[in-house]
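Just so you know, the sequences run in chain order A and B. Okay, so the first sequence: first residue is 384 according to the working numbering, each after it adds one. Okay, so the second sequence: first residue is 32 according to the working numbering, each after it adds one.
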Amino acid sequence: MKETQTLETKKNSERSTERICGSEAVIKCLIAEGVDVLYGYPGGAIMPVYDELFKYQDQIHHVLTRHEQGAAHAAQGYARISGRVGVAMATSGPGATNLITGIADAQIDSTPLVCITGQVPSHLLGSDAFQETDIVGISTPVTKWNHQVTRAEDIPEVIAKAFYIAKSGRPGPVLIDITKNAQFGELDFKYEKCTGVRSYIPVPKTAPESLQAAADLINRAKKPMIVWGQGIILGEAEAELKAVIEKAGIPAAWTIMGASAIPTSHPLNVGMVGMHGNYAPNVLTNECDVLIAIGMRFDDRVTGDLNTYAKQAKVIHFEIDPAEVDKNVKTDVAVLGDAKASLQALLPLLNENSHTDWLQEFRKLYDIEFEKVIKHDITPTKEGLTMGEVLREINKQSGGNAAIVSDVGQHQMIACRYSEFNKTKSNITSGGLGTMGFALPAAMGAKMAEPERDVVAIIGDGGFQMNIQELGTIFQTQIPVKIVVLNNEFLGMVRQWQQLFFDKRYASTEMTNPDFITIAKGYHLETKRVTKREELAGAVEEMMASEGAYFLEVCVEKEDNVFPMIPSGASVSDIRLS
Amino acid sequence: MNEAIKTFTISIYTENNIGLLNRISAIFQRRHINIESLTTSQSEIEGVNRFVIVVNITESQAKKIIGQIQKQVEAIRAYYHTDEETIFTESCMFKIKSDLLFEEPQIQNIIKDSDTRIVTVNKEFFVLEKSGRRHEIENLRKALSAFGIMQFVRSGRIAVTKEEMKITEMLLAFNNQ
Numbered sequence: 384m385k386e387t388q389t390l391e392t393k394k395n396s397e398r399s400t401e402r403i404c405g406s407e408a409v410i411k412c413l414i415a416e417g418v419d420v421l422y423g424y425p426g427g428a429i430m431p432v433y434d435e436l437f438k439y440q441d442q443i444h445h446v447l448t449r450h451e452q453g454a455a456h457a458a459q460g461y462a463r464i465s466g467r468v469g470v471a472m473a474t475s476g477p478g479a480t481n482l483i484t485g486i487a488d489a490q491i492d493s494t495p496l497v498c499i500t501g502q503v504p505s506h507l508l509g510s511d512a513f514q515e516t517d518i519v520g521i522s523t524p525v526t527k528w529n530h531q532v533t534r535a536e537d538i539p540e541v542i543a544k545a546f547y548i549a550k551s552g553r554p555g556p557v558l559i560d561i562t563k564n565a566q567f568g569e570l571d572f573k574y575e576k577c578t579g580v581r582s583y584i585p586v587p588k589t590a591p592e593s594l595q596a597a598a599d600l601i602n603r604a605k606k607p608m609i610v611w612g613q614g615i616i617l618g619e620a621e622a623e624l625k626a627v628i629e630k631a632g633i634p635a636a637w638t639i640m641g642a643s644a645i646p647t648s649h650p651l652n653v654g655m656v657g658m659h660g661n662y663a664p665n666v667l668t669n670e671c672d673v674l675i676a677i678g679m680r681f682d683d684r685v686t687g688d689l690n691t692y693a694k695q696a697k698v699i700h701f702e703i704d705p706a707e708v709d710k711n712v713k714t715d716v717a718v719l720g721d722a723k724a725s726l727q728a729l730l731p732l733l734n735e736n737s738h739t740d741w742l743q744e745f746r747k748l749y750d751i752e753f754e755k756v757i758k759h760d761i762t763p764t765k766e767g768l769t770m771g772e773v774l775r776e777i778n779k780q781s782g783g784n785a786a787i788v789s790d791v792g793q794h795q796m797i798a799c800r801y802s803e804f805n806k807t808k809s810n811i812t813s814g815g816l817g818t819m820g821f822a823l824p825a826a827m828g829a830k831m832a833e834p835e836r837d838v839v840a841i842i843g844d845g846g847f848q849m850n851i852q853e854l855g856t857i858f859q860t861q862i863p864v865k866i867v868v869l870n871n872e873f874l875g876m877v878r879q880w881q882q883l884f885f886d887k888r889y890a891s892t893e894m895t896n897p898d899f900i901t902i903a904k905g906y907h908l909e910t911k912r913v914t915k916r917e918e919l920a921g922a923v924e925e926m927m928a929s930e931g932a933y934f935l936e937v938c939v940e941k942e943d944n945v946f947p948m949i950p951s952g953a954s955v956s957d958i959r960l961s
Numbered sequence: 032m033n034e035a036i037k038t039f040t041i042s043i044y045t046e047n048n049i050g051l052l053n054r055i056s057a058i059f060q061r062r063h064i065n066i067e068s069l070t071t072s073q074s075e076i077e078g079v080n081r082f083v084i085v086v087n088i089t090e091s092q093a094k095k096i097i098g099q100i101q102k103q104v105e106a107i108r109a110y111y112h113t114d115e116e117t118i119f120t121e122s123c124m125f126k127i128k129s130d131l132l133f134e135e136p137q138i139q140n141i142i143k144d145s146d147t148r149i150v151t152v153n154k155e156f157f158v159l160e161k162s163g164r165r166h167e168i169e170n171l172r173k174a175l176s177a178f179g180i181m182q183f184v185r186s187g188r189i190a191v192t193k194e195e196m197k198i199t200e201m202l203l204a205f206n207n208q
């Protein structure tokens with residue numbers, strides 16, 4: 384900033400601008416947006432920007448990942464734990480396409496990202512130039528907005544718009560593709576934050592009558608049930624949700640993306656809905672009289688068969704995105720708008736209530752689930768180690784204060800089911816897209832965004848090998864993440880389905896794994912392998928106490944299954960306990 | 032449960048930006064919906080484009096698609112209408128050998144009766160143009176094809192709605208914020 388002011392004084396011009404090149408403008412825009420760290424990988428078409436990053440390295444920290452996919456997921460982890468916009472950068476062609484999986488993941492999980500890609504010079508566009516790819520075309524269906532910049536003078540306005548769109552309303556990823564000539568070109572730099580786009584309504588207006596109608600339904604309900612989603616976290620409406628459920632005495636369940644918004648220990652928190660969610664909230668979805676969905680989108684993994692989903696209930700949907708209303712489940716009352724404001728306005732309209740008998744039904748079903756599933760998962764008596772007991776031990780050592788970053792598969796379901804969360808934004812996982820390889824880079828981003836927090840990545844042996852190269856980033860950048868690989872030598876979730884639905888034909892799910900400890904040691908990480916129950920507590924304690932990055936491999940039972948389970952296409956009430 | 036498939040005219044007011052066509056057509060593609068016709072042009076508002084898209088879908092599909100189109104950042108507003116709710120037309124052109132105009136007097140009658148306009152005539156060919164409903168154009172095409180058509184082309188549907196579109200008010204409201 385000082386430098387800017389000096390320049391301006393020198394110019395002694397009336398305009399508060401300075402003449403700089405496009406690539407420097409990119410960096411100045413990022414700094415103006417408060418970006419302190421970004422993840423990326425250099426290459427030909429983005430080199431001018433990297434050259435400027437070098438000059439500004441005291442103001443903005445670029446983390447060199449080992450793969451662009453790692454950069455995108457790291458930016459996601461950064462955004463998910465902090466609520467700030469994650470930034471990833473890549474070169475044209477393969478650099479840009481490697482970001483796509485992370486961008487798609489951010490789109491379906493509403494994560495604010497700004498991805499900046501280099502592009503071949505504009506005179507070469509469309510000519511099949513070296514490392515040219517139509518990344519704007521490719522990323523269109525998986526971005527909230529994208530744009531190609533071909534002139535330096537457009538850079539500040541486009542980047543300002545990118546940050547505004549990524550973060551406002553229902554957040555999402557934005558991709559900005561900048562041609563090399565725009566990076567080299569000069570402009571009179573002036574940065575103004577974007578505060579609105581005329582064709583875009585980030586938060587729809589809330590109709591007061593919809594709030595009243597919702598309150599009336601809730602006040603009359605005998606068996607109300609809330610299912611909240613990530614909208615609570617994105618809208619920072621945790622306190623408002625808590626106030627609503629406490630005042631009206633409503634049992635509240637969560638989707639995977641909503642996990643941790645209300646502490647798991649809260650007496651009205653009745654657990655997770657969905658395919659591997661808790662027994663009570665799934666079964667009772669089909670017994671409640673009013674279903675109140677808040678900031679969730681009735682994903683098929685949540686609803687199972689739509690024709691038998693909550694047909695007996697009146698459905699209220701609090702939602703920021705009008706396109707989600709009636710998309711999957713027909714609502715009786717839709718309350719459009721921001722979750723925080725809507726719940727604030729709802730609270731005074733609600734009667735105090737406790738619904739004791741109704742809540743008791745959740746407890747009864749929990750007890751059944753505990754006897755049949757949970758106790759065998761978290762306090763097993765059989766010989767092999769379970770994933771559940773590893774989570775139990777992590778809960779014990781972290782006190783429920785760690786952020787848990789899970790990958791995709793059986794361990795993810797176990798992590799979401801059994802993690803204890805005291806703080807919001809603590810469950811970071813790839814929910815909608817189910818991206819294996821997400822957790823390791825996402826954990827790096829999460830730890831860098833919130834260095835004070837313990838960040839524990841829970842990963843399967845399959846997913847770990849999908850972005851294993853990021854151990855290099857963890858080593859080089861010295862990111863003190865805790866990495867737990869739950870190794871069952873199988874692609875466990877697919878194997879489970881093969882066992883249950885494909886007559887145990889284990890097609891391509893058995894993994895012959897390398898020695899993960901040797902690999903982690905190659906990156907100079909502290910390591911431990913646990914194969915016996917008596918080693919577990921000590922190893923987890925050592926991991927949580929360690930200062931730096933730590934790699935813990937736990938060799939778990941090979942053919943355990945995750946239950947409860949709603950078979951694909953079945954009704955939520957047909958959830959199986961075994 | 033089985034909702035009827037109907038013809039809907041989808042009108043979308045958008046910013047005039049590169050790539051928006053791709054973004055909008057992708058929404059139909061994702062749901063495996065065939066676009067019967069698509070026209071894009073300047074709208075009544077300076078700098079605002081209008082897409083007119085014709086699809087055969089159910090009304091609940093139409094509602095969901097409108098929601099997903101409208102949430103695109105550069106889409107200002109989207110609507111769907113039935114044929115009864117719109118005034119619509121298509122236009123078409125025929126290129127036909129000039130000899131026929133003189134050798135087949137019937138052609139002149141067809142032109143006259145169908146309100147078809149002769150755009151140009153030269154020694155080799157003449158060009159006809161007609162606007163109207165699909166069946167009128169089809170009837171004309173069938174009548175002329177008996178004589179041989181060198182080229183035929185039909186435009187997508189263009190349509191205006193009977194109901195008022197409050198786009199200008201919407202944009203003004205944004206400007207006054």
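Quick reminder that beta carbons are idealized off the backbone N, C-alpha and C, glycines included. Every value quoted in this text rests on a predicted model; they were computed, and no experiment measured them.
Using a Cβ cut-off of 9 Å (strictly closer), state whether B/Val152 contacts chain A. For the purposes of this step, residue 152 of chain B is taken as the residue at position 121 of the second sequence. Residue contact with chain A for B/Val152: absent (no Cβ-Cβ distance below 9 Å to any residue of chain A).
In chain order, what residues of the same chain have a beta carbon less than 6 Å from the beta carbon of A/Ile521, not counting five sequence neighbours either side? Position 138 of the first sequence, counted from the first residue, corresponds to residue 521 of chain A. No residues qualify anywhere along the chain.
Identify whether B/Val191 lies in helix, strand or coil by the three-state DSSP scheme. In the second sequence, residue 191 of chain B corresponds to position 160, counting from 1. The DSSP-derived three-state label of B/Val191 is strand.
For A/Ile851 versus A/Leu823, is the C-beta spacing smaller than 9 Å? To locate residue 851 of chain A, count along the first sequence from 1; it is residue 468. To locate residue 823 of chain A, count along the first sequence from 1; it is residue 440. In contact: A/Ile851 and A/Leu823 (Cβ atoms closer than 9 Å).
Below 8 Å on the Cβ atoms is my contact criterion, and I expect A/Ala724 with A/Ile703 to pass it. Report the Cβ-Cβ distance as a whole number of Å. By one-based count along the first sequence, residue 724 of chain A stands at place 341. By one-based count along the first sequence, residue 703 of chain A stands at place 320. That pair is no contact at about 10 Å.
Would you kindly report the start and end of the unbroken alpha helix (DSSP H) that includes A/His794? Your numbering for residue 794 of chain A matches position 411 in the first sequence. Note, A/His794: alpha helix (DSSP H), Gln793 to Tyr801.
Reducing DSSP to helix, strand and coil, say where A/His738 ends up. On the first sequence, residue 738 of chain A is found 355 positions in, with the first residue counted as 1. Judged by DSSP in its simplified three-state form, A/His738 adopts coil rather than helix or strand.
Inter-residue spacing [alpha-carbon to alpha-carbon] between A/Arg534 and A/Ala565: Against the first sequence, residue 534 of chain A aligns to sequence position 151. Against the first sequence, residue 565 of chain A aligns to sequence position 182. Spanning the two alpha carbons is a distance of roughly 5 Å.
Output the residue ranges of the alpha helix (DSSP H) runs that lie fully inside the segment 698–750 of chain A and measure 4 residues or longer, sorted by chain position. Unbroken alpha helix (DSSP H) stretches of 4 residues or longer found wholly inside the segment 698–750 of chain A: 722–729, given in chain order.
Is A/Ile797 closer than 9 Å to A/Leu869 when the C-beta atoms are compared? On the first sequence, position 486 is the one that residue 869 of chain A refers to. On the first sequence, position 414 is the one that residue 797 of chain A refers to. Going by C-beta atoms, A/Leu869 is nearer than 9 Å to A/Ile797.
For A/Arg959, which residues in the same chain have their Cβ closer than 8 Å to its Cβ, ignoring the five residues on either side in sequence? Numbered from 1 along the first sequence, position 576 holds the residue referred to as residue 959 of chain A. Answer for A/Arg959: Phe946, Pro947, Met948, Ile949 and Pro950, listed in chain order.
Alpha carbon to alpha carbon, how far is A/Leu874 from A/Ala622? Give it in angstroms, no decimals. Translated into positions along the first sequence, residue 622 of chain A becomes position 239. Translated into positions along the first sequence, residue 874 of chain A becomes position 491. Between the alpha carbons of A/Ala622 and A/Leu874 lies a distance of about 39 Å.
Chain B contact for A/Ala890 (CB, 9 Å cutoff): Within the first sequence, the letter at position 507 stands for residue 890 of chain A. It does not: the Cβ of A/Ala890 has no partner Cβ on chain B nearer than 9 Å.
Report the neighbours of B/Val104 on chain A: residues whose CB is nearer than 7 Å to its CB, in chain order. By 1-based counting over the second sequence, the position of residue 104 of chain B is 73. Near B/Val104 (Cβ distances below 7 Å), the residues of chain A are Lys527, Trp528, Ile548, Val580, Ser582 and Tyr583.
Please report the straight-line C-alpha distance between A/Phe681 and A/Ile491, rounded to a whole angstrom. In the first sequence, residue 681 of chain A corresponds to position 298, counting from 1. In the first sequence, residue 491 of chain A corresponds to position 108, counting from 1. Computed Cα separation, rounded: 13 Å.
Looking only at DSSP bridge pairs, what is A/Asn529 linked to? The sequence position of residue 529 of chain A within the first sequence is 146, counting from 1. DSSP output for A/Asn529 lists A/Leu558 as bridge partner(s).
On a CA-only basis, which of A/Ile486, A/Pro431, A/Asp434 and A/Ile464 is nearest A/Ala454? Give me that one, please. Counting from one through the first sequence, the residue named residue 454 of chain A turns up at place 71. Of the candidates A/Ile486, A/Pro431, A/Asp434 and A/Ile464, the one whose C-alpha sits nearest the C-alpha of A/Ala454 is A/Ile486.
For a contact defined as C-beta to C-beta under 7 Å, what are the partners of A/Val519 on chain B? As a first step, residue 519 of chain A is located in the first sequence; it is residue number 136 there, counting from the start. Chain-order list of chain B residues neighbouring A/Val519: Gly50, by C-beta distance under 7 Å.
Check this for me: beta carbons of A/Asp488 and A/Gly815, under 9 Å apart or not? Here residue 488 of chain A refers to the residue found at position 105 when the first sequence is read from its first residue. Here residue 815 of chain A refers to the residue found at position 432 when the first sequence is read from its first residue. Yes, these two residues count as a Cβ contact at 9 Å.
Compare the Cα-Cα distances from A/Thr578 to each of A/Gln440, A/Ala545, A/Thr856 and A/Cys938 and report the closest residue. Looking up residue 578 of chain A in the first sequence gives position 195. Nearest to A/Thr578 by alpha-carbon distance, out of A/Gln440, A/Ala545, A/Thr856 and A/Cys938, is A/Ala545.
Can you find a CB in chain D that lies within less than 9 Å of the CB of A/Thr400? Among the chains of the structure shown, chain D does not appear; the protein chains present are A and B.
So A/Thr523 contacts chain B; which residues on that side make the cut at Cβ distance below 9 Å? Counting from 1 along the first sequence, the entry for residue 523 of chain A is found at position 140. What A/Thr523 touches in chain B: Gly50, Asn53, Arg54 and Ala57.
Contacting residues, own chain, Cβ-Cβ under 8 Å from A/Asp837 (five flanking each side not counted): Looking up residue 837 of chain A in the first sequence gives position 454. Correct list, in chain order: Ser781, Asn784, Ala785, Ala786, Lys865 and Met927.
Measure the beta-carbon distance from A/Ile841 to A/Ser789 and round it to whole angstroms, keeping in mind my assumption that it falls under 8 Å. The residue labelled residue 841 of chain A in the question sits at position 458 within the first sequence. The residue labelled residue 789 of chain A in the question sits at position 406 within the first sequence. Contact annotation, A/Ile841 with A/Ser789: C-beta distance approximately 5 Å; criterion of less than 8 Å satisfied.
For A/Pro705, which residues in chain B fall below 9 Å Cβ to Cβ? Within the first sequence, the letter at position 322 stands for residue 705 of chain A. What A/Pro705 touches in chain B: Gly98, Gln101 and Lys102.
Any Cβ of chain B within less than 9 Å of the Cβ of A/Ile949? For the purposes of this step, residue 949 of chain A is taken as the residue at position 566 of the first sequence. Taking Cβ atoms only, chain B never reaches closer than 9 Å to A/Ile949, which makes this a no.
Tell me which residues share the same chain as A/Arg888 and place their Cβ nearer than 8 Å to its Cβ, disregarding the 5 neighbours each side in the sequence. Taking the first sequence and counting its residues from 1, the one referred to as residue 888 of chain A is at position 505. Answer for A/Arg888: Gln881, listed in chain order.
In angstroms, rounded to a whole number, what distance separates the CA positions of B/Asn207 and A/Glu619? Residue numbering aside, residue 207 of chain B sits at position 176 when the second sequence is read from its first letter. Residue numbering aside, residue 619 of chain A sits at position 236 when the first sequence is read from its first letter. Their backbone Cα atoms lie some 29 Å apart in a straight line.
Please tell me whether A/Ile403 has its Cβ less than 9 Å away from any Cβ of chain B. Counting from 1 along the first sequence, the entry for residue 403 of chain A is found at position 20. Interface flag for A/Ile403 against chain B is unset, since no Cβ pair is found closer than 9 Å.
What does A/Thr710 reach in chain B if we use C-beta pairs closer than 8 Å? Position 327 of the first sequence, counted from the start, is the residue given in the question as residue 710 of chain A. Correcting the residue identity first, residue 710 of chain A is Lys in this sequence and not Thr. Result: Lys95 and Gly98.
Looking only at its own chain, which residues have a Cβ that is under 6 Å from the Cβ of B/Gln101, when we skip the five neighbours before and after it? Taking the first residue of the second sequence as position 1, residue 101 of chain B is located at position 70. Take B/Gln101, set aside five residues on each side of it, and the residues of its chain with a beta-carbon closer than 6 Å to its own are Ala109, in chain order.
Alpha helix (DSSP H) segment containing A/Gly855, residue limits: Taking the first sequence and counting its residues from 1, the one referred to as residue 855 of chain A is at position 472. Here the alpha helix (DSSP H) through A/Gly855 covers Leu854 to Thr860.
Name the two residues that bound the continuous beta strand (DSSP E) containing A/Gln848. Taking the first sequence and counting its residues from 1, the one referred to as residue 848 of chain A is at position 465. Looking at the DSSP string, A/Gln848 is not in any beta strand (DSSP E), and its letter there is neither H nor E.
contact_flag[the segment 67–82 of chain B, the segment 128–144 of chain B] where n(CB pairs < 8 Å) is 3 or more: In this structure the segment 67–82 of chain B does not touch the segment 128–144 of chain B; the number of beta carbon pairs closer than 8 Å is below three.
Should A/Arg553 be flagged as near chain B, meaning a C-beta pair shorter than 9 Å? Within the first sequence, residue 553 of chain A is the residue found at index 170, counting from 1. By the rule that beta-carbons nearer than 9 Å mark a contact, A/Arg553 touches chain B.
Could you check whether the Cβ of B/Leu223 sits closer than 9 Å to any Cβ belonging to chain A? As displayed, chain B neither begins before 32 nor continues past 208, which places residue 223 of chain B out of reach and without an answer.
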